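Enquirer: Just so it is clear: in the sequence shown, position 91 is 93 by my numbering, and no numbers are missing.
We put the beta carbon where it would ideally sit given N, CA and C, even for glycine.
Nothing here was measured: the structure is a model prediction, and the numbers come from that model.
Below you will find the structure I want to go over with you.
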Amino acid sequence: LLKIAVTALALWLIVRKVDFAALWPVVRGAQTGWVLVAVAAQFCVAAFNAMRWRALVAAPGVRLRKYLYYVLVGIFLSLFLPSAALAEGARTYAFGRRYGEIQRNFAAALFARAAGFGVQLAVVAVAVAFSWRAVSDLLAGSRLAFSPGVSLAVVLIALLGAAVVLWRFRARARSFATDFFSFARHDRRRLARVLWLSLCIQLGVMLT
Numbered sequence: 003l004l005k006i007a008v009t010a011l012a013l014w015l016i017v018r019k020v021d022f023a024a025l026w027p028v029v030r031g032a033q034t035g036w037v038l039v040a041v042a043a044q045f046c047v048a049a050f051n052a053m054r055w056r057a058l059v060a061a062p063g064v065r066l067r068k069y070l071y072y073v074l075v076g077i078f079l080s081l082f083l084p085s086a087a088l089a090e091g092a093r094t095y096a097f098g099r100r101y102g103e104i105q106r107n108f109a110a111a112l113f114a115r116a117a118g119f120g121v122q123l124a125v126v127a128v129a130v131a132f133s134w135r136a137v138s139d140l141l142a143g144s145r146l147a148f149s150p151g152v153s154l155a156v157v158l159i160a161l162l163g164a165a166v167v168l169w170r171f172r173a174r175a176r177s178f179a180t181d182f183f184s185f186a187r188h189d190r191r192r193l194a195r196v197l198w199l200s201l202c203i204q205l206g207v208m209l210t
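Now the structure itself:
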């Protein structure tokens, strides 16, 4: 009953954000088949995320549907929290509290993000290789929308802040780094599976 009540309240909060006057013309003009494909692709992406998480941290006796449950909880929380990273952190912490190894689960979440980013770079590289002329023409005719100097300063400040935090909690950071790199060092087949699932996730997002 509590879950139903919280869900009803959450749905009410979501509906309050929707501009139905602007939404209905879009819905009326949408192609139903492609909308259904896009919705199905979202669930496929969630399933691939659950499979990747389980490949990295296989909790004893925990079935795939439980990982999927926590992935969907994270997606639900992202509708309210100001950052998707906060939602992912909340569901990772909740799973770790329930099934143990909180730090290793956070290391797995960060490693999954890194693997996804690597796959994104590979996809971009392939796309640029096949359309280099169009990309070069686009870059030649555009102006930078940001100041390189300001961007460099922001990056340096972020790196300095990260270095201070890592030094302050160096023992915990060393332990976290050990967990993080263990996913790539000890089992190459698992790493290949994680990269393959990351590619499936990116393809599902692109299709959506």
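Rounded to whole angstroms, what's the CA-CA distance from Arg-176 to Leu-197? Just pull it up for me.
Expert: 25 Å
Enquirer: Closest to Trp-55 by C-alpha separation, out of Arg-93, Gln-44, Arg-30, Val-8, would be which residue?
Expert: The shortest Cα separation from Trp-55 among Arg-93, Gln-44, Arg-30, Val-8 belongs to Arg-93.
Enquirer: Could you tell me which of Ala-7, Tyr-72, Val-121, Phe-78 sits nearest to Tyr-95, measuring between CA atoms?
Expert: Tyr-72
Enquirer: Whose C-beta lies closer than 7 Å to the C-beta of Arg-106 among residues of the same chain, with five residues either side of it excluded?
Expert: Leaving aside the five residues that flank Arg-106 on each side, the residues in its chain whose CB is nearer than 7 Å to its CB run, in chain order, Val-59, Asp-181.
Enquirer: Is it buried or exposed for Ser-153, if we count other Cβ within 10 angstroms and need 16 for buried?
Expert: exposed
Enquirer: Using a 10 Å radius around the Cβ and a threshold of 16 neighbouring Cβ atoms, would you call Phe-50 buried or exposed?
Expert: buried
Enquirer: Ends of the alpha helix (DSSP H) at Pro-150?
Expert: 150 to 170
Enquirer: Taking the alpha carbon of Ser-200 as the reference point, which residue from Val-20, Ala-57, Leu-79 has its own alpha carbon closest?
Expert: Ala-57
Enquirer: Determine the closest residue to Arg-195 out of Val-121, Arg-65, Phe-78, Gly-102, with distance taken between C-alpha atoms.
Expert: Val-121
Enquirer: If you draw a straight line from the C-alpha of Ala-52 to the C-alpha of Val-41, how long is it?
Expert: 17 Å
Enquirer: Suppose you measure from the CA of Val-37 to the CA of Thr-210; what does that come to, to the nearest Å?
Expert: 9 Å
Enquirer: Helix or strand or just coil, what does DSSP make of Gln-105?
Expert: helix
Enquirer: Looking only at C-alpha atoms, which of Ala-61, Ala-32, Leu-81, Ala-7 sits nearest to Lys-19?
Expert: Leu-81
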